[in-house]
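Residue numbers (the working numbering): 3 to 118.
The structure is reproduced here in structure tokens:
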């Protein structure tokens with residue numbers, strides 16, 4: 003039985019890490035959503051993302067310097083912020099946190115976290 007629906011937000015350069023986190027969450031019994039495996043080439047991208055955002059109970063955002071500058075990543079985490087849903091930040095490269103992400107639970111992802 004799934005333990006909750008999690009939306010994983012990331013910038014394309016972190017796709018491999020996003021997939022690893024997705025797989026680990028699924029193995030732990032969560033229903034994790036990441037667009038690397040849930041959007042088909044025929045889907046309407048924006049509609050699919052919107053449906054997944056609304057269905058999710060919480061967000062895991064993979065923060066890198068490029069993700070911090072990404073409009074899409076900002077829109078995704080701000081959706082959760084605005085709807086008062088839990089946000090968990092995974093800092094990949096030590097990027098500075100947006101001030102609104104400061105209060106949320108976070109962890110630092112390092113190269114020692116395992117093979118890519």
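C-beta atoms are modelled at their ideal positions from N, C-alpha and C, and glycine is treated no differently.
Along the alpha helix (DSSP H) that carries residue i, what are the first and last residues, could you check?
i          : result
residue 86 : Taken as a continuous stretch (DSSP letters only), residue 86 belongs to no alpha helix (DSSP H), as it is neither H nor E.
residue 25 : 17 to 29
residue 48 : 47 to 57
List the residues that DSSP assigns as beta-bridge partners of residue i.
i          : result
residue 64 : 92
residue 35 : 9
How would you call residue i, buried or exposed, if buried means at least 16 neighbouring beta carbons within 10 angstroms?
i          : result
residue 46 : exposed
residue 37 : buried
residue 71 : exposed
residue 34 : buried
residue 49 : exposed
residue 73 : exposed
residue 18 : exposed
residue 93 : buried
Where does the unbroken beta strand (DSSP E) through residue i begin, and where does it stop?
i          : result
residue 11 : 7 to 11
Original post:
Would you call the stretch 20 to 29 and the stretch 46 to 58 in contact, with 3 or more CB pairs under 8 angstroms?
Top reply: no
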